[in-house]
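For reference, the structure is listed below as C-alpha cells.
There are 2 protein chains.
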Amino acid sequence: MAVKTSSLLNVAALTAAAECLRTLAHPQRLRMVQLLLSGRRLPVGELAVECDLPQPQASEHLRLMQRCGFLRSVREGRAVYYEIAEPHLASLMACIEKRFGKRKG
Amino acid sequence: MAVKTSSLLNVAALTAAAECLRTLAHPQRLRMVQLLLSGRRLPVGELAVECDLPQPQASEHLRLMQRCGFLRSVREGRAVYYEIAEPHLASLMACIEKRFGKRKG
DNA sequence: TTGACATATCGGAATATACCGATATAATAG
DNA sequence: CTATTATATCGGTATATTCCGATATGTCAA
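Chains A and B supply the protein sequences, listed in that same order. Just so we're aligned, residue -5 is where the first sequence starts under my numbering, counting upward by one. Just so we're aligned, residue -5 is where the second sequence starts under my numbering, counting upward by one.
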C-alpha cells in the first residue's frame, strides 16, 4: 500500500491532538506511560511509588490520561490497575525516546 | 516488585520532553509545524494568514517553538522565514497524524 | 531623512494547570 | 459492625498559559 503524503489535519483534529499532547506533556505522566508500556499494567500505588508522587496526585494524573483515552483502569479487589488503552502511544513514546534519550542536553 | 528501568528516560530527559510536548500542544502551533514540514519555509505573515492568527500571536507561537529547538528563523530583508530545525519533528508529526487523521469528526 | 511594511515585544485580563492537605469512597478482613 | 488498605475527590493557592490591544524594532524605498 502506498505511503500517503501527510495531509493537513483540520481544526477539530488539531484541537484534539493538542489536548492529548498537553495531557502527555508532564514528566511524571510520561514516566507513568513508560512504566505501563514496559510493565504492562500497574496499580495506582505502585505507580505513585515509582514516580515518587503522593497517591492523590498519581490518581489525578492517571485520571487525566484515562479521560483522553490513553489509559484504562480495571479494579481488582481494592487495587485499581491501569494499562495502556491507546495503541498509538507506543510509537509516539518511541519517537520521544529517540529524541530525548542519550542526549547531552 | 521493581519495574525494569533500562529503557526509561531520566527525570531531566522527561522534563525536557514534557516542555517540548507542551510547546507542541497547541492547535495553531501544530498547524504551523505541518505547514513548515510540507512547505519547507514560510515568513511570519504567511503563517499568520494560514493559521488565521493576528500577526503578534503568530510571532509569539513561532518564538516559543524556536526557543525549544523545533524551529529556526532566517531574516531576509524585512521578512523573517521560519523553518524546521528539529529533524525528529517529522516522525513525531507522522505519529500524531496517524492517530488523529481520517477519523470521524 | 520620512513613510511603508514586516516582525517583535510589552502589559494586562481571563483561563487553565499543578500542587498540597484533608477527606470521601470502595473493598476486604476479622 | 469496626479497622485496614487502596483509591478517588475536594478546596484552595500558586503558577502558567493564552489571548488581546498597543507599541516598539527592524528593513527598505524614495
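C-beta: ideal position from N, C-alpha, C; glycine also. These numbers were taken from a predicted model, which means no experiment stands behind them.
Anything in the stretch 18 to 41 of chain A with a Cβ closer than 7 Å to a Cβ of chain B? List those residues in chain order, please.
-> Cβ contacts with chain B come from Leu18, Ala19, His20, Pro21, Leu24, Arg25, Gln28, Leu29, Ser32, Gly33.
How should B:Ala52 be labelled, buried or exposed, when 16 other C-beta atoms within 10 angstroms of its C-beta is the threshold for buried?
-> To locate residue 52 of chain B, count along the second sequence from 1; it is residue 58. Result: buried.
So what's A:Thr(-1) in DSSP terms, helix, strand or just coil?
-> Taking the first sequence and counting its residues from 1, the one referred to as residue -1 of chain A is at position 5. Reliability of the predicted coordinates at A:Thr(-1) is poor, the pLDDT of 46 falling under 50, and no value is obtained from them.
Contact list for the stretch 59 to 71 of chain B against chain A, Cβ threshold 7 Å | Under the 7 Å Cβ criterion, the stretch 59 to 71 of chain B contributes no residue.
Along chain A, which residues have their Cβ under 7 Å away from the Cβ of B:Glu54?
-> Residue numbering aside, residue 54 of chain B sits at position 60 when the second sequence is read from its first letter. Per Cβ cutoff of 7 Å: no residues; B:Glu54 is ~16 Å from chain A at best.
From what residue to what residue does the beta strand (DSSP E) around A:Ala73 run?
-> Working through the first sequence from its first residue, we reach residue 73 of chain A at position 79. The continuous beta strand (DSSP E) containing A:Ala73 extends over residues 73 to 78.
Exposed or buried, what is A:Val5 when buried is set at 16 or more other beta-carbons lying within 10 Å of its beta-carbon?
-> For the purposes of this step, residue 5 of chain A is identified with residue 11 of the first sequence, where counting begins at 1. Counting Cβ neighbours within 10 Å, A:Val5 comes out exposed, since fewer than 16 surround it.
Nearest residue (CA-CA) to A:Pro21, options B:Leu31, B:His82, B:Leu3, B:Val74 | Numbered from its first residue, the first sequence carries residue 21 of chain A at position 27. Cα-wise, what sits closest to A:Pro21 is B:Leu3.
On the three-state DSSP scale, how would you describe B:Pro48?
-> Translated into the one-based positions of the second sequence, residue 48 of chain B becomes position 54. If DSSP states are grouped into helix, strand and coil, B:Pro48 belongs with coil.
In this structure, does DSSP put B:Ala34 in helix, strand or coil?
-> Walking along the second sequence from the start, residue 34 of chain B turns up at place 40. Before going on, a small fix: residue 34 of chain B reads as Arg here, not Ala. DSSP places B:Arg34 in coil when its eight states are reduced to three.
For B:Arg66 versus B:Glu77, is the C-beta distance shorter than 9 Å?
-> Your numbering for residue 66 of chain B matches position 72 in the second sequence. Your numbering for residue 77 of chain B matches position 83 in the second sequence. In contact: B:Arg66 and B:Glu77 (Cβ atoms closer than 9 Å).
Comparing the C-beta of A:Arg57 with each C-beta of chain B, is any distance below 9 Å?
-> For the purposes of this step, residue 57 of chain A is taken as the residue at position 63 of the first sequence. So no, A:Arg57 is outside the interface.
Alpha carbon of A:Cys89 to alpha carbon of B:Leu86, nearest angstrom | Mapped onto the first sequence, residue 89 of chain A falls at position 95. Mapped onto the second sequence, residue 86 of chain B falls at position 92. Near 6 Å, if we compare the C-alpha coordinates of B:Leu86 and A:Cys89.
Using a cut-off of 7 Å between C-beta atoms, extract the partners of A:Ala10 located in chain B.
-> Taking the first sequence and counting its residues from 1, the one referred to as residue 10 of chain A is at position 16. Within 7 Å Cβ-Cβ: Phe94.
Going straight from the alpha carbon of A:Val74 to that of B:Leu41, what length do you get?
-> Here residue 74 of chain A refers to the residue found at position 80 of the first sequence. Here residue 41 of chain B refers to the residue found at position 47 of the second sequence. If I take the Cα positions, the gap works out to 46 Å.
Go through its chain and collect everything with a Cβ distance to A:Ala79's Cβ below 7 Å, but skip five positions before and after it.
-> The residue labelled residue 79 of chain A in the question sits at position 85 within the first sequence. Taken in chain order, the residues that qualify are Gly63, Phe64, Leu65, Arg66.
So, is the C-beta of A:Leu3 closer than 9 Å to a C-beta in chain B?
-> Against the first sequence, residue 3 of chain A aligns to sequence position 9. Answer yes: the Cβ-Cβ gap between A:Leu3 and chain B drops below 9 Å somewhere.
Can you list, in chain order, the residues of its chain whose CB lies under 7 Å from that of A:Pro37, leaving out five sequence neighbours each side?
-> Here residue 37 of chain A refers to the residue found at position 43 when the first sequence is read from its first residue. Once the five neighbours on either side are set aside, the close Cβ partners of A:Pro37 are Ala73, Val74, Tyr75.
8 Å contact criterion, which B:Ala84 and A:Gly95 should meet: CB distance rounded = Here residue 84 of chain B refers to the residue found at position 90 of the second sequence. Here residue 95 of chain A refers to the residue found at position 101 of the first sequence. Not quite, the Cβ-Cβ distance comes to about 18 Å (not below 8 Å), so this is no contact.
What does a CB cutoff of less than 7 Å around B:Arg16 pick up in its chain, not counting 5 residues either side in sequence?
-> The residue given as residue 16 of chain B occupies position 22 in the second sequence. Within the same chain, and ignoring the five residues on either side of B:Arg16 in sequence, no residue has its Cβ closer than 7 Å to its Cβ.
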